Amino acid sequence: MDVSAGPSSSGPPEVPAGLAFPGAVRLELDDLLDQVIARASELKSVQGRLRKLLASTHHIAQRLDPDELRRRVVDSARGLVDARHAALGIVDGTRASFVHTGLRDEEVAALAELATGDGVLRPLIADSHPLRLRRLADGPHSALPSGSFLGVPLRVGRGVYGHLYLVDKQGAEEFSRDDEELLTTLAGAAGVAVENALLLDGARRRARWQAAAADLSRRLLAGSLDPPSGLRHLLDEALVLSDGDGAVLTTVDDRDPTWIAVPCATGALVELEDRRFPLDGTITDAALTTGRAIVISAVPEDRRATQLAEVAPAVGSALAMRLSDGIAGDGTHAVLVLVRDAGRRSFDDDDVDLVEGLAAQASATLAVARSRADREALRRVEDRESLVADLNTRVLQRLLRVGTALSSAASAAQPPTRDRVLAQVDELDDLVRELRRAVWQAPGRDAAGADVPGGQAPPARLP
1 MDVSAGPSSS GPPEVPAGLA FPGAVRLELD DLLDQVIARA SELKSVQGRL RKLLASTHHI
61 AQRLDPDELR RRVVDSARGL VDARHAALGI VDGTRASFVH TGLRDEEVAA LAELATGDGV
121 LRPLIADSHP LRLRRLADGP HSALPSGSFL GVPLRVGRGV YGHLYLVDKQ GAEEFSRDDE
181 ELLTTLAGAA GVAVENALLL DGARRRARWQ AAAADLSRRL LAGSLDPPSG LRHLLDEALV
241 LSDGDGAVLT TVDDRDPTWI AVPCATGALV ELEDRRFPLD GTITDAALTT GRAIVISAVP
301 EDRRATQLAE VAPAVGSALA MRLSDGIAGD GTHAVLVLVR DAGRRSFDDD DVDLVEGLAA
361 QASATLAVAR SRADREALRR VEDRESLVAD LNTRVLQRLL RVGTALSSAA SAAQPPTRDR
421 VLAQVDELDD LVRELRRAVW QAPGRDAAGA DVPGGQAPPA RLP
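Heads up, the sequence shown is in full-length UniProt numbering, so the first residue is 1 and it goes up one at a time.
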């Protein structure tokens, strides 16, 4: 029995003519499906990037110290927009410091030149608006990494704290507008995190300054530190709490007002201790003349800091603060000088406020301690005068009367006896002179003029 061949099972079944879409409708439906698929893919991509943005924001929005936070901002920005190189540039006057990843030293130097000069990054620096370029290394700056560029400002409060630089977009010829918007959003979140970190760091530093000032005051008023030791303790505390690399105390005496003396120094400036310099044109002269804090952002370029640069060539910035007159001795004017190495953050207004607070409290306490030491010295002098009067009345006068009587008796004695008696009279005269010398000796010094611990003179030895 013959069986007629049916439709092939290898292909799709034919659609009945009554159920088929017209050609135009079918094309429109295919377009709609393609659009839905494209929008779904786009939505999935946007969702992925938003997740990356949220993860990056969470990564930086933690209570961290400023240095660690800046590093996290750079790493997060690089991963967010798939850049090969990333840097955060912080411009302070004419100097720029960078936290970067994926860049060589020469590339960072070239980027710093563009950030502080009139190069292609000037619109970003001057106008503080995002900047996108198809290629950054065009022009004379061949040391820069080749590739596309995206830069956005990082604002803290009402000012611009720094700028984020992203170079060489991976997987595309240039950064897109979406990359710009994502990075701008991340920079906004980073600005808030940086501001919070700076505020927290400032609060901690102020707390440390206050604790150090209180400890210095307590030790001075308790008598465990004398004024000279208090000055050195002030210098050491100021160095640690200001995060400085060197500190020095300079003084000018009214008896020799054209020269600077350095009673104590520490850190990178320790070689200045016990040296003398002409006053004119120095940072000490500027601080004494103006009576306010002097900040030098570039020490090698400022003639007022010549001595600092000679002793410590690595120094980059300096802060000089005038202290209260007389804390280093009567008729003296003192200046506290702090320095930081080049490449580190320059001293700013926050540092000035902190140093002023510590210097004011320490100066007042040192003045009180010196006044108390002067009163103690005066009391010792008065006690010594009382002792002199008592010795003169009870001892010296009696010794003089004994000597006079012995001299009179010796005149009537035989020569051998007279000689022995007169020798004893001479011994009494020497004893009287020794007693007077011991009593009128300056408080706190021995017969040779050396300092005696505790400010007490050694007792005279009777023969």
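Where a beta carbon is used, it is the ideal one built from N, C-alpha and C, also for glycine.
The structure presented is a predicted model; accordingly, all values stated were derived computationally and were not measured.
Whether residue i touches residue j by CB criterion (8 Å)
i: L111; j: Y165; result: yes
i: L431; j: L399; result: yes
i: L288; j: V262; result: no
i: A312; j: G244; result: no
i: G171; j: D82; result: yes
i: S97; j: G316; result: no
i: G331; j: R255; result: yes
i: P300; j: A309; result: yes
i: R276; j: I296; result: no
i: R134; j: L150; result: no
i: D306; j: P278; result: The sequence as given places Thr at residue 306; Asp does not occur at that position. Contact: no.
i: A438; j: V421; result: no
i: V167; j: L136; result: yes
i: L53; j: L182; result: yes
i: L354; j: R155; result: no
i: V99; j: R78; result: no
i: S76; j: I60; result: yes
i: A298; j: L323; result: no
i: A286; j: R304; result: yes
i: G147; j: K169; result: yes
i: L235; j: T266; result: yes
i: V74; j: T101; result: yes
i: L435; j: L378; result: no
i: L114; j: H85; result: no
i: A320; j: L249; result: no
Counted within 10 angstroms of its Cβ, other Cβ atoms place residue i as buried (16 or more) or exposed
i: V152; result: buried
i: H233; result: buried
i: A214; result: exposed
i: E107; result: buried
i: G157; result: exposed
i: P130; result: buried
i: L462; result: Bear in mind that the predicted position of L462 carries a pLDDT of just 30, short of 50, making it too unreliable to give a figure here.
i: residue 466; result: Since the first residue shown for the chain is 1 and the last is 463, residue 466 is missing from the structure and cannot be characterised.
i: T404; result: exposed
i: I37; result: exposed
i: L387; result: exposed
i: V194; result: buried
i: R401; result: exposed
i: T284; result: buried
i: G191; result: buried
i: A268; result: buried
i: L88; result: buried
i: D351; result: buried
i: A450; result: With a pLDDT of 41 at A450, under the threshold of 50, the modelled position of this residue cannot be trusted, and the question is left open.
i: E376; result: exposed
i: M1; result: Reliability fails at M1, whose pLDDT of 45 lies under 50, so the model's placement of it is uncertain and the value that follows must be treated cautiously. Exposed.
i: G162; result: buried
i: A389; result: exposed
i: P140; result: Because P140 carries a pLDDT of 47, less than 50, the predicted location of this residue cannot be relied on, and no value is offered for it.
i: V381; result: exposed
i: L32; result: exposed
i: A212; result: buried
i: R204; result: exposed
Limits of the unbroken beta strand (DSSP E) element including residue i
i: V311; result: Looking at the DSSP string, V311 is not in any beta strand (DSSP E); the run it does join, the alpha helix (DSSP H), is T306 to V311.
i: I260; result: D256 to G267
i: P278; result: R276 to P278
i: L249; result: G246 to D253
i: L166; result: G159 to K169
According to DSSP, residues forming a beta bridge with residue i
i: L235; result: Paired residue(s): none; L235 is not in a bridge.
i: I294; result: A320
i: R340; result: S317
i: T101; result: A86
i: R132; result: L150
i: R155; result: V160
i: V335; result: T250 and R322
Residue i CB to nearest heavy atom of the ligand SAH below 7 Å
i: R344; result: With respect to the ligand SAH, the structure shown offers nothing to examine, as it has no ligands at all.
Extent of the continuous alpha helix (DSSP H) to which residue i belongs
i: A79; result: Reading the sequence as shown, one finds Gly at residue 79 and not Ala. That run of the alpha helix (DSSP H) goes P66 to L80.
i: Q414; result: From DSSP, Q414 is part of no alpha helix (DSSP H); its letter is neither H nor E.
Meets three-Cβ-pair contact criterion under 8 Å: the region 230-249 and the region 335-346
yes
Is the region 191-205 touching the region 64-74, taking contact as three or more C-beta pairs under 8 Å?
yes
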